[in-house]
């Protein structure tokens, strides 16, 4: 899934030349507040004033360049990409000049390092992966030197902490830069560094708080802590669509689609042209939220808006697949087939959702949804929307039918397990998950590994660590199923936290 895009921001406060450090700090902080308040023109003016006050100070140059980067990342304005790279070249020249005259200017080196970090983000967005990797390695090297020289620079620890966390928790990410030498991962160290930046940072405390909020939710499984921070920031910056989008995604991932729609729909209503990409993805995510609530007409409306508006490559296949299901649930088989065909023509870049879209669209072109399939979809949607009683009742009614296929039976038992687990009836949920994983061979192969994961969760809730570990290990043995990356992340996270 495409998740919210958090910048790796860091800043330097260097010695004054033509203006006092306090004045440049005031202008930079003013610009940062304007950026977070989505006042790009005003922010650019503040950073221009900082540059005018002291053209040899990297701070104003750094943030002025990033105004262009935000426009490129969030609005996909290609012209802004060239402007960003030109402006970031100036940052590098200014920072290197400072270091040439004073090699111990650690904050200027931090600026230099984070400029390369941002260039890595820009190159990754443009799919220039080798350039992104080289820039990221330079960023890592410069930040490592900064933190070794001055461990008290809390702002610098944000960027380094993100490196340490990602390369310590995502093995494939670590492998990208490992061949360039010297990059080491340590997820727990990374978390501590980000926490320190969030608590003690001066220039990038907001960025560290955002990063920490998302890590609390998705890595530490501490939803309340992350939700609190995100809501505080949304109240402070009510027009910041990136924060609103992050909240909407979090609520959708936490199986609270009604809350998700509040924030995602607000993004679409604000319609900020500087955040076109986020606006477009908000339509897609709203479509998903309504789909999980079995509100297929509303889901169809938002999915169609996303497909008309977005020029992104990811999530298109999944959106076409969901749209096809919406049509089919309404009895429009011809429109459904056309949507499934579009799903197969859309790119599949390895995102879990698009992989699901491709597989299921191909299957549904050949074989239409049966009434039993539709009830299975409704039961699973109820579980995903935390409508646990609805999941249980719909799935039980489905199991009462005599003509179920193995896939339908397995999904019905799984939906009941989800409902019972959501209601904290863990012993009964174990029985349902056992029934789901023991059905036998069928095309919905995701049911079994996810069933074993949830069996482990239920046993852990009952303080049975032996069966928790047994089922976790069993879940690891499966390969090639829908959303495999998600399950493996959950396993690694849970094992790390519990052990």
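Residue numbers (this note's numbering): 1 to 499. From the three backbone atoms N, C-alpha and C, an ideal C-beta is built for every residue, glycine too.
So, with DSSP's three-state summary, where would you put residue 68? helix
Pick from 109, 117, 234 and 140: whose alpha carbon is nearest that of residue 38? 234
May I have the straight-line CA-CA distance separating residue 487 from residue 456, to the nearest angstrom? 12 Å
Per DSSP, what kind of secondary structure is residue 260 in: helix, strand or coil? helix
Whole-angstrom C-beta distance between residue 285 and residue 252, which should lie under 8 Å: 6 Å
Taking only runs of the alpha helix (DSSP H) that begin and end inside the region 352–410, which ones reach a length of at least 4 residues, in chain order? 352–366, 371–384 and 388–399
Return helix, strand or coil for residue 330, following the three-state DSSP convention. coil
Reduced DSSP category for residue 447 - H, G, I as helix; E, B as strand; rest coil: helix
So, do the region 304–320 and the region 356–372 have three or more beta carbon pairs nearer to each other than 8 Å? yes
Count the C-beta pairs between the region 439–451 and the region 468–482 that are closer than 8 Å, then say yes if the count reaches three, no if not. yes
So, at 7 Å on beta carbons, what are the nonlocal neighbours of residue 51 in its own chain, with the 5 sequence-adjacent residues on each side left out? 60, 61 and 64
Outcome for residue 58 when other beta-carbon atoms lying within 10 angstroms are tallied against a minimum of 16: buried
Which residues in the same chain as residue 471 place their Cβ atom closer than 7 Å to its Cβ, once the five residues preceding and following it in sequence are excluded? 452, 455, 456 and 459
Do you know how far the Cα of residue 244 is from the Cα of residue 283? 13 Å
Name the residue from 56, 70, 26 and 187 whose alpha carbon lies nearest to the alpha carbon of residue 36. 70
Exposure label - residue 137; buried when at least 16 CB within 10 Å: buried
Starting from residue 283 and walking both ways along the alpha helix (DSSP H), at which residues does that stretch end? 276–292
My understanding is that residue 211 touches residue 230, with C-beta atoms under 8 Å, so please give their C-beta distance in whole angstroms. Actually they are not in contact, since the Cβ atoms of residue 211 and residue 230 sit about 11 Å apart, beyond 8 Å.
Determine the DSSP secondary structure at residue 314, reduced to helix, strand or coil. coil
Looking at residue 226: is its Cβ nearer than 8 Å to the Cβ of residue 213? yes
Residue span of the alpha helix (DSSP H) that contains residue 506, given as start and end: The displayed coordinates of the chain run from 1 to 499. Any statement about residue 506 would go beyond what the structure contains.
Take every Cβ of the region 118–133, pair it with every Cβ of the region 142–157, and state whether three or more of those distances are shorter than 8 Å. no
What does a CB cutoff of less than 6 Å around residue 462 pick up in its chain, not counting 5 residues either side in sequence? 426
Report the residue from 333, 146 and 162 whose alpha carbon sits nearest the alpha carbon of residue 121. 162
Excluding the 5 residues preceding and the 5 following residue 344 in the sequence, name in chain order all residues of the same chain whose CB lies nearer than 7 Å to its CB. 358, 361 and 362
Unbroken alpha helix (DSSP H) runs of length 4 or more, entirely within the region 77–146: which are they? 78–101 and 106–125
Give the single residue among 465, 374 and 483 whose Cα lies nearest to the Cα of residue 495. 465
According to DSSP, is residue 37 part of a helix, a strand, or is it coil? coil
Since residue 302 is in the alpha helix (DSSP H), which residue starts that stretch and which ends it? 296–309
Below 8 Å between beta carbons: does that hold for residue 113 and residue 143? yes
Length of the line joining the Cα atoms of residue 274 and residue 29: 21 Å
By DSSP, does residue 442 sit in helix, in strand, or in coil? coil
For residue 328, which option in 306, 294 and 369 has the closest C-alpha, if you only look at C-alpha atoms? 369
Reduced DSSP secondary structure (H/G/I, E/B, other) of residue 346: coil
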